Each structure stands twice: as C-alpha cells, then as structure tokens.
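Below: one structure, written as structure tokens.
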Amino acid sequence: MTVHEDLAEGIWEDIRKQPEEAAAVFRVQNMHINGDLDQDVIRSAYADSLGSSARFRPARWPVYQTAAFAFLHALIGGGDVAYVPIRTGGTPCPDADRVGNAALLARTCPPFSAELDMGQNGADCDGTLRWDKTIELSRGTGAFFYQDNCRNRGQSRLECRTTYQPRSAPLEATPFS
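In this note's numbering, the protein residues as written are 12 to 188.
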C-alpha cells in the first residue's frame, strides 16, 4: 500500500463514522462505476489526478480511494483548494523511470517548473512544482448555478478569480493506465 493509499484509508475511517457522509461516498463510487462522472467537470483525468492511484481506474477504486477523491473534490468545489491542470512533456512513466520522468517534467510549461527528486523512494511526494511569477486562476466558491434553466439540467460551479504569488508545491507524478 502506498503512502497515498494509507492517507486515503485515514480519510475513509473519519468519513464512515458519519452515515450521511459514508452514503455520499458510496453514491460517488456508484457514479464512477456507471460512468456518470466521465463527462463534464469530473472527467477521468481529473478523477485520476485526485485519486492518486495508478493501479486502478476510478470505476475500480477501493472505497477508501473514492472517499479521498470525494473529500478532495469537496475542498476544490468549496474553494479551500485550487485545482490547476498543468501541461508537461507527456504522461508520466512508472516511478522507477526517474530519468524518463525528469525529462518529461523538464518540458513543463512556464511559468511552472518541476524538479523530480531523483532519490525518492516511497516519500510523500515525487518532487517539487514551482512557479516564478504570480499566477491567476479560478477557485470554487462553494456555490453552483444553472447556466440555462431551459436547456441545461446540470449545475455549473460558480468560481472567482484569484492570484497566487510565486511559491512551490509538492509534486506527484502519476502514470495513468
């Protein structure tokens, strides 16, 4: 079991103590299984990046992995965490291919740069992601709206623009199957 899966199990341990929250996790799991989350906001790559388990597609995640996904998705939707997809040089290779992953990450698009920890072995992260100038991005507000009540039954997330000063964040290179 990976460090990420251990953390996911801890999240599930907390969530399952609350019947409503546990039921919500099972609803999300069923939505993954039925393919209901393969479109719109929660496409597979988004779920994969939050789920942090390269061994399984979201439809095959164990319940603790679904719980961690639901927890992180709620943080993003509520605006507590910003989610930013960043283009790199390609899809990551398995962790053992440190040289290959470092070469891919060397092509990360500016203003971002990624440094892979070449000696990492089961650590909490694979390296460091940095940005050298202020970035502007959208962050959830926790509110939703209907773009067109006549034609659109689905809700859209209400977002606000925010800026983040230059800094760094932990990097996780996850190959998607």
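Each residue gets a CB set at the ideal place from its N, CA and C atoms; glycine is no exception. Note that the structure is a prediction, hence the values are computed from the model and not measured.
A check of alpha carbon separations from Arg-168 across Ala-184, Gly-88, Gly-138 identifies Gly-88 as the nearest. By the Cβ-count criterion, Val-36 is buried, with 16 or more other Cβ atoms from all chains shown falling within 10 Å of its own Cβ. Short of 6 angstroms from the beta carbon of Thr-77, and not among the five residues preceding or following it, lie these beta carbons of its own chain, in chain order: Val-36, Val-39, Gln-40. Annotated as distal: Ala-33 and His-43, with beta-carbon spacing of 8 angstroms or more. For Thr-99, there is no enclosing alpha helix (DSSP H), as DSSP marks it with neither H nor E. Each of Arg-141, Ala-154, Ser-149, Pro-122 was checked against the Cα of Arg-178, and the nearest Cα belongs to Arg-141.
The closest CA to that of Asp-91, considering only Ala-81, Pro-103, Gly-130, Gly-151, is found on Gly-151. Of all alpha-carbon atoms in Phe-155, Gly-130, Tyr-94, Pro-30, the one lying nearest the alpha-carbon of Ala-180 is that of Tyr-94. In this structure, Ser-124 is the residue among Ser-124, Ala-107, Leu-86 with its C-alpha nearest to the C-alpha of Arg-98. The Cβ neighbour count for Phe-80, taken over all protein chains shown within 10 Å, is at least 16; the residue is labelled buried.
Of all alpha-carbon atoms in Leu-148, Val-110, Glu-147, the one lying nearest the alpha-carbon of Ala-184 is that of Val-110. Closest option to Phe-156, judged by alpha-carbon separation, among Glu-170, Thr-145, Lys-144: Glu-170.
One thing to note: Ala-19 has its Cβ within 8 angstroms of the Cβ of Tyr-75. Listed in chain order, the beta strand (DSSP E) runs fully inside the segment 113-183 are 123-127, 138-142, 146-156, 167-175, 178-182, counting runs of at least 3 residues.
For Gln-29, the secondary structure class from DSSP, reduced to helix, strand or coil, is coil.
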